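One structure is given below, encoded as structure tokens.
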Amino acid sequence: MIRQRFTGLLVAMAVAASGRPEALEGRDDAAITHVLGRLTFGARPGDLDRVRPMGLAAWIDQQLHPSRIDDHAAEARLPQLDDPPAGANPQELRRFARRQVETLASAKLVRAMYSERQLQEVLVDFWFNHFNVYAAKGRTAIYLPAYERDVIRPHVFDRFRELLEADAKSPAMLFYLDNWLSAGTGQGGKRKRGLNENYGRELLELHTLGVDGGYTQKDVTEVARAFTGWTIDRDGRFRFVPALHDSGEKTVLGHRIKASGIDEGERVLDILASHPSTAHHIAFELAQRLVADDPPPALVDRAAARFRDTGGDLREVVKTIVTSSEFLAPAARDAKFKTPFELVVSAVRTTGAEVGDGHAFVQALQQLGQPLYMCQPPTGYKGTADAWLSAGGLVTRMNFATRLASGNMPGVTLPAGAPPARELALKIGSPEFQRF
Amino acid sequence: MNRRLFLKSGTMAMLSLGFAPSFLGRAAAAAGARRKLLVAIFQRGAVDGLNMIVPHGDADYYRLRPTIAIPRPGRDPMGSAIDLDGFFGLHPAMAPLEPLWDNRSLAIVHACGSPDNTRSHFDAQDYMESATPGLKATRDGWLNRYLQVSSGERDPLRGVALSRTMPRSLGGSAPALAIGSVDEFGVRGAADAFEEQYEGSSDRLLSAAGNDAFAAMRTLQQVAGSPYRPAAGAQYPNSAFGRALAEIARLAKADVGLEVAFTELGNWDHHVNEGAVTGQIANRLDEFSRGLAALAADLGDRLADTVIVTMSEFGRAAAENGNGGTDHGHGNAMMVIGGNVRGGMHGAWPGLGDAHRFEGRDLAITTDFRDVFSEIVTAHMGVPRAALSRIFPGYRGMTAPGVIRR
Numbered sequence: 516m517i518r519q520r521f522t523g524l525l526v527a528m529a530v531a532a533s534g535r536p537e538a539l540e541g542r543d544d545a546a547i548t549h550v551l552g553r554l555t556f557g558a559r560p561g562d563l564d565r566v567r568p569m570g571l572a573a574w575i576d577q578q579l580h581p582s583r584i585d586d587h588a589a590e591a592r593l594p595q596l597d598d599p600p601a602g603a604n605p606q607e608l609r610r611f612a613r614r615q616v617e618t619l620a621s622a623k624l625v626r627a628m629y630s631e632r633q634l635q636e637v638l639v640d641f642w643f644n645h646f647n648v649y650a651a652k653g654r655t656a657i658y659l660p661a662y663e664r665d666v667i668r669p670h671v672f673d674r675f676r677e678l679l680e681a682d683a684k685s686p687a688m689l690f691y692l693d694n695w696l697s698a699g700t701g702q703g704g705k706r707k708r709g710l711n712e713n714y715g716r717e718l719l720e721l722h723t724l725g726v727d728g729g730y731t732q733k734d735v736t737e738v739a740r741a742f743t744g745w746t747i748d749r750d751g752r753f754r755f756v757p758a759l760h761d762s763g764e765k766t767v768l769g770h771r772i773k774a775s776g777i778d779e780g781e782r783v784l785d786i787l788a789s790h791p792s793t794a795h796h797i798a799f800e801l802a803q804r805l806v807a808d809d810p811p812p813a814l815v816d817r818a819a820a821r822f823r824d825t826g827g828d829l830r831e832v833v834k835t836i837v838t839s840s841e842f843l844a845p846a847a848r849d850a851k852f853k854t855p856f857e858l859v860v861s862a863v864r865t866t867g868a869e870v871g872d873g874h875a876f877v878q879a880l881q882q883l884g885q886p887l888y889m890c891q892p893p894t895g896y897k898g899t900a901d902a903w904l905s906a907g908g909l910v911t912r913m914n915f916a917t918r919l920a921s922g923n924m925p926g927v928t929l930p931a932g933a934p935p936a937r938e939l940a941l942k943i944g945s946p947e948f949q950r951f
Numbered sequence: 138m139n140r141r142l143f144l145k146s147g148t149m150a151m152l153s154l155g156f157a158p159s160f161l162g163r164a165a166a167a168a169g170a171r172r173k174l175l176v177a178i179f180q181r182g183a184v185d186g187l188n189m190i191v192p193h194g195d196a197d198y199y200r201l202r203p204t205i206a207i208p209r210p211g212r213d214p215m216g217s218a219i220d221l222d223g224f225f226g227l228h229p230a231m232a233p234l235e236p237l238w239d240n241r242s243l244a245i246v247h248a249c250g251s252p253d254n255t256r257s258h259f260d261a262q263d264y265m266e267s268a269t270p271g272l273k274a275t276r277d278g279w280l281n282r283y284l285q286v287s288s289g290e291r292d293p294l295r296g297v298a299l300s301r302t303m304p305r306s307l308g309g310s311a312p313a314l315a316i317g318s319v320d321e322f323g324v325r326g327a328a329d330a331f332e333e334q335y336e337g338s339s340d341r342l343l344s345a346a347g348n349d350a351f352a353a354m355r356t357l358q359q360v361a362g363s364p365y366r367p368a369a370g371a372q373y374p375n376s377a378f379g380r381a382l383a384e385i386a387r388l389a390k391a392d393v394g395l396e397v398a399f400t401e402l403g404n405w406d407h408h409v410n411e412g413a414v415t416g417q418i419a420n421r422l423d424e425f426s427r428g429l430a431a432l433a434a435d436l437g438d439r440l441a442d443t444v445i446v447t448m449s450e451f452g453r454a455a456a457e458n459g460n461g462g463t464d465h466g467h468g469n470a471m472m473v474i475g476g477n478v479r480g481g482m483h484g485a486w487p488g489l490g491d492a493h494r495f496e497g498r499d500l501a502i503t504t505d506f507r508d509v510f511s512e513i514v515t516a517h518m519g520v521p522r523a524a525l526s527r528i529f530p531g532y533r534g535m536t537a538p539g540v541i542r543r
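If you're matching them up, the sequences are chains A and B in order.
In the numbering used here, each residue carries its 1-based index in the first sequence increased by 515.
In the numbering used here, each residue carries its 1-based index in the second sequence increased by 137.
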């Protein structure tokens with residue numbers, strides 16, 4: 516903690532001194548290593564040599580435009596996801612859901628290890644966590660593949676408003692935060708239902724404004740009323756059902772919203788996506804993932820300003836952060852502590868191991884305290900050192916390092932030229948390797 | 138001044154003189170002065186305190202909850218509240234705790250919680266675990282500050298969380314441990330070389346955490362190995378929570394110097410189909426209560442030196458919502474169990490009438506959760522009142538609800 520604060524101070528001093536990010540133009544290996552560490556899930560053997568000739572600026576620009584990067588090789592490695600069995604009983608469906616989550620977790624690991632679109636995958640992880648859903652809650656697991664594939668991944672470089680709407684209409688989120696059941700009081704015909712404010716609250720607190728973003732309990736209730744009738748149809752798709760909607764007028768953050776059915780929810784999303792608190796909240800979280808646990812306030816302010824100026828263009832916000840002096844300053848290097856997910860993926864990448872199937876890592880992540888898709892609260896997993904750096908956690912990391920380096924993990928083949936097991940284990944389990 | 142306190146102040150004096158104090162801790166243990174133990178259990182996700190400790194004497198409770206209220210004692214053959222004092226009752230799934238109530242080792246503080254009005258799970262947990270409501274900048278948890286204030290010993294086994302990550306309550310500058318289980322806590326492979334790496338690292342945080350890990354490992358090696366057998370009559374639920382509680386009892390009985398233990402049980406956030414006598418909340422309370430009862434039974438005569446305290450970030454709205462569930466609320470109930478506990482109901486009941494509810498919707502708070510924490514820390518753990526402000530900065534209340542016998 517103290518170290519992070521100190522780092523933030525050094526970063527601020529370095530920026531004041533230099534004024535512009537010279538590292539971006541240079542060919543400094545230490546700078547390249549730092550950038551690879553943060554914008555990928557860890558450098559592979561040879562990555563440094565690939566980036567050096569093109570320069571950091573060009574490489575970052577490429578990563579900001581993933582459609583320009585061929586990724587067929589990684590796609591080909593992905594495990595196949597099955598469709599839910601037709602006419603399955605609830606028990607079969609539960610069993611299917613459990614398998615589905617494991618396969619999906621395995622796919623997430625394989626992508627993180629092998630995709631050339633590394634920054635995209637770093638951000639998919641970030642945004643999934645931002646809009647966290649919990650796979651073990653009812654039907655959420657069934658909706659999960661589409662959630663990550665169609666809601667999160669296509670929008671990580673899009674406008675925030677688009678991402679937010681896709682999320683608000685996703686069966687996974689509608690189910691996880693109960694909005695599919697929420698109805699105007701007394702609405703809903705025979706099965707009498709009423710208001711459920713679970714989604715409304717998290718939309719304000721976690722997805723947009725932030726907990727200190729300036730809303731009240733009254734706003735929570737009004738937002739929840741606006742979203743009544745946003746539900747899931749029999750085919751598992753988003754549907755607005757007017758009969759469930761609360762048709763009264765609403766007031767959200769001082770804006771009067773006339774009764775207008777589905778448009779009320781859309782209007783709420785407009786208000787929230789363009790609110791300055793949202794710009795600041797998103798900028799802070801991105802800077803915290805990419806720069807430091809206590810990100811330099813001046814950088815957060817610039818990224819938030821970029822968010823506002825571009826109508827929430829997430830590519831521009833990320834670009835502002837990753838081309839900033841603060842991000843590239845030497846003091847920002849190794850300021851972050853890896854989450855278990857970041858640790859296991861970077862371990863595979865640094866060894867150049869061949870992972871045929873990610874199941875062994877799915878289990879390792881359970882032991883390390885970060886089972887994928889299994890974070891129950893809507894906050895998602897924390898990405899900061901205070902959540903992960905502990906004596907007990909280090910022991911589990913050392914044991915993971917020993918297992919991986921031994922070459923005995925199922926589905927994992929170490930390259931022919933890999934260092935001896937002991938040497939490799941000591942590297943992956945070392946204090947230095949826990950940072951990035 | 139008792140012997141333990143004398144040893145403590147002796148430790149502090151020697152610390153200030155620059156002597157290594159660790160032998161004193163061992164001396165205290167060897168002299169048979171059994172350490173006091175505090176077990177903190179967090180119900181994450183905001184348990185519905187009104188269906189856990191049921192105010193069956195309050196007519197408004199039934200008016201506000203037409204479909205999910207727990208029936209008055211004896212009113213329903215399918216299950217009803219277990220009467221405690223004519224006004225409050227236990228949820229029927231909490232029957233395993235009845236013997237503790239009957240022998241006066243269960244205290245319940247109702248309408249208890251945080252003076253901050255947040256209904257955010259995250260913030261409310263943060264405030265309760267840092268024990269500084271409204272203040273996010275607090276770096277450490279209250280249990281860690283207890284460790285900092287009460288002794289100068291650098292021993293990670295004084296504070297142990299049975300959880301895979303360090304809970305906010307126990308995190309901070311005093312060494313502490315978060316482990317999945319005693320048996321899996323050990324480095325396989327090149328342990329010595331790993332230890333050297335961490336010892337020699339210039340990364341202060343990682344070096345300290347690594348050193349704590351290896352120190353704890355050496356002690357725990359004496360505990361691990363043989364399978365743990367709970368005392369006769371103690372039947373833990375077959376679940377992660379049950380196993381965590383059994384590990385706490387195991388560590389307590391092994392005399393490794395444990396003073397503060399922490400574990401948690403999640404999945405209380407019942408916005409939909411909460412259930413009443415049966416259903417989701419009943420299932421959670423069943424596991425929760427069987428776990429607590431087993432821990433108390435397993436600790437046996439050590440329960441005299443133990444206080445178990447349960448907490449949850451906030452209560453749930455007094456009225457049920459439109460989906461047979463409850464949304465986020467305010468006041469809740471805490472339980473305190475131990476041999477030195479003054480059993481019974483504590484705290485004033487504000488009532489659930491329209492005029493008495495917090496912000497018109499939730500159970501109001503008549504006891505600050507820090508009143509309960511601070512009484513345990515002083516009356517049970519023996520921290521002098523003068524040092525209390527270092528564990529609960531900014532807290533001025535100091536009104537003991539009377540859950541600990543003097």
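Idealized CB from N, CA, C, for every residue including glycine.
The model shown is predicted, which means the values in this text are computed figures rather than measured ones.
Close-in-space but distant-in-sequence residues of the same chain around B:Pro210 (CB under 8 Å, 5 per side omitted): Shown here for B:Pro210: same chain residues with a beta carbon closer than 8 Å to its own, the five before and five after excluded, namely His193, Ser217, Ala218, Ile219, Asp220, Gly226 in chain order.
Quick one: is B:Arg366 buried, meaning 16 or more other Cβ sit within 10 Å of its Cβ, or exposed? Flag for B:Arg366 reads exposed.
Where B:Gln334 meets chain A, residues with beta-carbon distance less than 7 Å: Leu941, Ser945, Pro946
Consult DSSP for B:Ile219 and reduce its assignment to one of helix, strand or coil. Taken through DSSP and simplified to helix, strand or coil, B:Ile219 comes out as strand.
Taking DSSP as the reference, what is the three-state secondary structure of A:Ile943? helix
Going along the chain, which residues of its own chain have a beta-carbon closer than 7 Å to the beta-carbon of B:Gly335, five neighbours each way excluded? A quick correction: the sequence has Tyr, not Gly, at residue 335 of chain B. Counting only Cβ-Cβ distances below 7 Å, and skipping sequence neighbours, we find Leu343, Ser344, Gly347, Asn348.
Kindly give me the distance between the Cβ atoms of B:Ile205 and B:Gly452, rounded to whole angstroms, as I take these residues to be in contact under 8 Å. Going by Cβ atoms, the distance from B:Ile205 to B:Gly452 rounds to 14 Å, so no, they are not a contact pair.
Amino acids of chain B, ordered along the chain, whose beta-carbon sits closer than 9 Å to that of A:Arg972: Beyond the ends of chain A as shown, which are 516 and 951, falls residue 972 of chain A; an answer cannot be given.
Cross-chain neighbours of B:Asn458 in chain A, by beta carbon under 8 Å: Within 8 Å Cβ-Cβ: Gly709, Leu710, Asn711, Glu712.
So A:Arg848 contacts chain B; which residues on that side make the cut at Cβ distance below 9 Å? Those within 9 Å of A:Arg848 in chain B number zero; the least Cβ separation is about 13 Å.
How many angstroms separate the CA atom of A:Phe842 from the CA atom of B:Ala501? Taking the straight line joining both Cα atoms gives about 47 Å.
Please state whether the Cβ-Cβ distance between B:Met518 and B:Ser267 is less than 8 Å. For the 8 Å CB-CB criterion, B:Met518 and B:Ser267 do not form a contact.
What number of angstroms, rounded off, separates the C-alpha of A:Ile943 from the C-alpha of A:Met913? For A:Ile943 and A:Met913, the gap between their C-alpha atoms comes out near 8 Å.
Where does the unbroken alpha helix (DSSP H) through A:Ile797 begin, and where does it stop? 791-805
Tell me the DSSP secondary structure of B:Leu342 in three-state form. helix
Would you mind stating whether A:Asn647 and A:Pro893 have Cβ atoms separated by less than 8 Å? yes
Using DSSP with H/G/I as helix, E/B as strand and the rest coil, what is B:Ser159? Because the pLDDT of B:Ser159 is 39, which lies under 50, any placement of that residue in the model is unreliable, and the number read from its coordinates should be weighed accordingly. In this structure, B:Ser159 counts as helix in the three-state DSSP scheme.
Below 7 Å CB to CB, which residues in the same chain sit around A:Val738 once its five sequence neighbours on both sides are set aside? Gly715, Leu718, Leu719, Val767, Val783
Which of helix, strand or coil does DSSP assign to A:Val550? Looking at A:Val550 - three-state DSSP - the assignment turns out to be helix.
Cut-off 7 Å between Cβ atoms - residues of its own chain near A:Val860, not counting five sequence neighbours on either side: Close CB contacts of A:Val860 within its chain, under the 7 Å cut and outside five residues either way in sequence, are with Phe556, Gly557, Leu624, Ala627, Met628 (chain order).
Using a C-beta cutoff of 8 Å, does B:Ser344 count as contacting chain A? yes
Go ahead and label A:Gln934 buried or exposed: buried means 16 or more other beta carbons lie within 10 angstroms of its beta carbon, across all protein chains shown. One point to set straight first is that residue 934 of chain A is Pro, not Gln, in the sequence displayed. Looking at its Cβ environment, which holds fewer than 16 other Cβ atoms inside 10 Å, A:Pro934 is exposed.
Assigned secondary structure, B:Asp508 (DSSP; H/G/I helix, E/B strand, else coil): helix
If the cut is a Cβ gap below 9 Å, which residues of chain B does A:Trp903 touch? Thr302, Met303
For A:Val870, which option in A:Ser621, A:Asp816, A:Ala846 has the closest C-alpha, if you only look at C-alpha atoms? A:Ser621
Nearest chain A C-beta to B:His408 closer than 8 Å, yes or no? Closer than 8 Å: yes.
Go ahead and label A:Asp597 buried or exposed: buried means 16 or more other beta carbons lie within 10 angstroms of its beta carbon, across all protein chains shown. Exposed: under 16 other Cβ atoms inside 10 Å.
I'd like the list of long-range same chain contacts for A:Gly884, defined as Cβ closer than 8 Å, with 5 residues on each side in sequence excluded. Pro855, Trp903, Gly908, Thr911
With DSSP run on the structure shown, which of helix, strand or coil describes B:Ile502? Coil, per DSSP.
DSSP beta-bridge partners of B:Gln334: Answer is none; B:Gln334 lacks a bridge partner.
Identify every residue that forms a DSSP beta bridge with B:Leu175. The beta-bridge partner set that DSSP reports for B:Leu175 consists of B:Val397, B:Val444.
Examine chain B for any beta-carbon lying closer than 8 Å to the beta-carbon of A:Glu720, and answer yes or no. yes
Chain A partners of B:Ser257, CB-CB under 8 Å? Arg716, Glu720, Val726
If you drop the 5 nearest sequence neighbours on each side, which residues of the same chain put their C-beta closer than 7 Å to that of B:Thr536? Asp508
Is A:Pro791 close to chain B, meaning its C-beta is less than 8 Å from at least one C-beta of that chain? no
Below 9 Å on C-beta distance, what does A:Gln891 contact in chain B? Arg181, Gly182, Gly403, Asn404, Asp406
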